[in-house]
Amino acid sequence: MNKKKAIQLVFFIFLLGFAWALMWKTFRVNQAGNLEIATKVWSDFAATIPLIRSFSLGDNFPPQYPLFAGPPIRYHFLFFWAVASLEKIGIRLDWALNSLSTLGFFGLLLAIYLFSREVFRKRAVSVLACIFFLFNGSLSFLEFFKKHPLSFNFLREIAQNTTFPAFAPYDGSHLVSAFWSLNIYTNQRHLALAYASFLALMLFIWRAAKKPGWLNFNKSLLLGIAVGLFPFIHLSVFIMMGIALFILFILFPDLRKKLLIIASVSIVLALPQIIYLGKVNSQANFFHPGYLIEGLTFFSFFKYWFFNLGLVSILAPFGFLLAKREQRKIFLPFLAFFVIGNLFQFSPEMAGNHKFFNLFIITANILAAYFIYRLWQHKTLGKAAAIFYVLVMTFSGIIDLFPIANDVYVEIKDGKNNDVAQFIIENTPKESVFLNGSYIYDPASLAGRKVFLGWSYFSWSAGYQTNARFELMKDILQLSQLEEVCPLLNQEKIDYLEIQNPTSIEGVKINYRFFEENFKQIYFSRISDISIYDVAPTCGRFLGHLQEENQ
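With the first letter of the sequence shown counted as 1, position 507 gets the number 565 in this note's numbering; the numbers rise by one all the way through.
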């Protein structure tokens, strides 16, 4: 092995180790068997864990969204099904999730390296592109210094920092967004794998553009099958794949037949998945220019993206201009993602468009890396400028790493340590539906059962009508007549009632006495004051009598 290959191998080992440490730092199972979830991912994992458990401990086929039982799932679930399959065969949950997450994140880093290496043929560009990905180039460090004025202690303040300097729109600000740090990949564990697959597709098409004979019919067919599976893996990335194939179909005439095969096969496979996922119920306008920018003007647009992209917004265009004509073509689909993300809204939450921008930024970083490489070829002044650019482009990312490294954990009782969840696992059918007693990390969700309405943000952002369901939940919990409650329970196919006293669900006044007097209590937890009632003995008998009276 020559020196260059040895250095490359060491770099790959570093990337793999980084990915492994990142995933394990944010989620693990402790010696007691409880879940330890970092506070930076605690909210998103309140949807992730129930989805995994619905496959590993529950029966969720055909798939439903486990926090909104009933309709078909409207969220790409295949990655989490794979994690659940590992847990189902006996692999502990943290090993199952973190292993696949690590492979996905490392796969993305490897894809960035190989794609940039294939296009520009320079290892230095590939290394820089990976570094710029790990340490985002936004100008959030300016926000850090607003809160921590420059002093002799600034290095210690960075190392001890526990909060992201900028986290718009969730921190009340509207400038630097929350989506550029690695926090997005620790929360959305399936995202890195999806991006890695996209870059792999682009890499194959680039190779075919250089050697048209390389992409034969069989390879085109396999690529079409791979792309066709993506609605269940990551629907947004599938949309981006479709956009990219269309643009490349125009740009590379010699590849049109092969690209048509890929597109045709993928559409045939994807269509049933898209039909199953269904249409998102959103009141938002599809045309929504400006992303998260308030008071959209040309000035506010350029200001927003300059602060969010940093020097990449300047250096990437220079890198694009320095690239050869054929090289520029392969980057045009990514530019389209930036335009589309700024013009249209694809989900109830506009912030969800970050997926378009994250992928755009990856390749903008590659172009910026190429420009810096070219700058380095000049004499002293060029090298000094290159070093300065690298430092500025990684400073925010370095600061953003410490809130993840310094994060603390929330412990969630799981398995035998959670008496309610354990009872549910051992005494209720796997396909059961629970009217849940809490929104977040409910025992029924941890046990793999579907719940009527989990935390509404998750279901709302997936496109479900959460307001109407909340009103139904209120009716069921507040009514006092069996002839009113049982038809609703039967209509919504609810098998069990899980009621906590006092309830943590806001806006609901539960009629505790009604349920105690009319429903069969099959379990009561003295630890959490949760009662579980079986619906069938009461409502089955009541509805049976009702039918007899009507005959």
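Beta carbons are placed, not taken as given, at the ideal position from N, Cα and C, and that holds for glycine.
In angstroms, rounded to a whole number, what distance separates the CA positions of residue i and residue j?
| i | j | result |
| --- | --- | --- |
| residue 441 | residue 434 | 5 Å |
| residue 150 | residue 313 | 45 Å |
| residue 267 | residue 175 | 15 Å |
| residue 134 | residue 543 | 34 Å |
| residue 606 | residue 598 | For residue 606, the predicted model reports a pLDDT of 49, less than 50, meaning its position is unreliable; a value from the coordinates is still stated below. About 12 Å. |
| residue 221 | residue 366 | 18 Å |
| residue 460 | residue 254 | 25 Å |
| residue 224 | residue 396 | 21 Å |
| residue 361 | residue 392 | 21 Å |
| residue 449 | residue 424 | 16 Å |
| residue 409 | residue 344 | 13 Å |
| residue 209 | residue 235 | 26 Å |
Taking residue i as the reference, which of the options has the closest Cα?
| i | options | result |
| --- | --- | --- |
| residue 101 | 246, 298, 351, 423 | 246 |
| residue 452 | 311, 239, 405 | 239 |
| residue 585 | 479, 576, 592, 597 | 479 |
| residue 522 | 64, 406, 450, 195 | 406 |
| residue 418 | 99, 530, 295, 129 | 295 |
| residue 281 | 185, 527, 260, 183 | 260 |
| residue 501 | 399, 104, 394, 402 | 104 |
| residue 241 | 456, 368, 379, 271 | 456 |
| residue 483 | 112, 96, 106, 71 | 112 |
| residue 86 | 468, 318, 297 | 468 |
Could you tell me if residue i is buried or exposed, where buried requires 16 or more neighbouring beta carbons within 10 angstroms of its beta carbon?
| i | result |
| --- | --- |
| residue 556 | buried |
| residue 68 | exposed |
| residue 228 | exposed |
| residue 139 | buried |
| residue 565 | exposed |
| residue 79 | exposed |
| residue 571 | exposed |
| residue 145 | buried |
| residue 507 | buried |
| residue 609 | Residue confidence for residue 609 is low, a pLDDT of 49 falling below 50, so the modelled location carries little weight; the figure read from the coordinates is stated next. Exposed, by the Cβ-count rule. |
| residue 562 | exposed |
So what does residue i bridge to, in DSSP terms?
| i | result |
| --- | --- |
| residue 592 | 554, 578 |
| residue 467 | 96 |
| residue 509 | 492 |
| residue 235 | 226 |
| residue 690 | Residue 690 is absent from the structure shown; the chain starts at 59 and stops at 609. |
| residue 130 | 122 |
| residue 583 | 588 |
At which residues does the beta strand (DSSP E) containing residue i begin and terminate?
| i | result |
| --- | --- |
| residue 86 | 85 to 87 |
What I want to know is whether the C-beta of residue i ends up closer than 6 Å to one or more non-hydrogen atoms of the ligand PLP.
| i | result |
| --- | --- |
| residue 183 | Within the structure as shown, the ligand PLP is missing, as the structure has no ligands at all. |
Along the alpha helix (DSSP H) that carries residue i, what are the first and last residues, could you check?
| i | result |
| --- | --- |
| residue 280 | 275 to 286 |
| residue 492 | Not the alpha helix (DSSP H): residue 492 falls in the beta strand (DSSP E), residues 491 to 493. |
| residue 330 | 314 to 335 |
| residue 412 | 412 to 434 |
| residue 162 | 151 to 178 |
| residue 357 | 356 to 367 |
| residue 399 | 383 to 401 |
| residue 245 | 241 to 245 |
| residue 500 | It is not in any alpha helix (DSSP H) - residue 500 carries neither H nor E in the DSSP assignment. |
| residue 191 | 181 to 192 |
| residue 515 | 514 to 519 |
| residue 370 | 370 to 380 |
| residue 294 | 293 to 309 |
| residue 141 | 136 to 146 |
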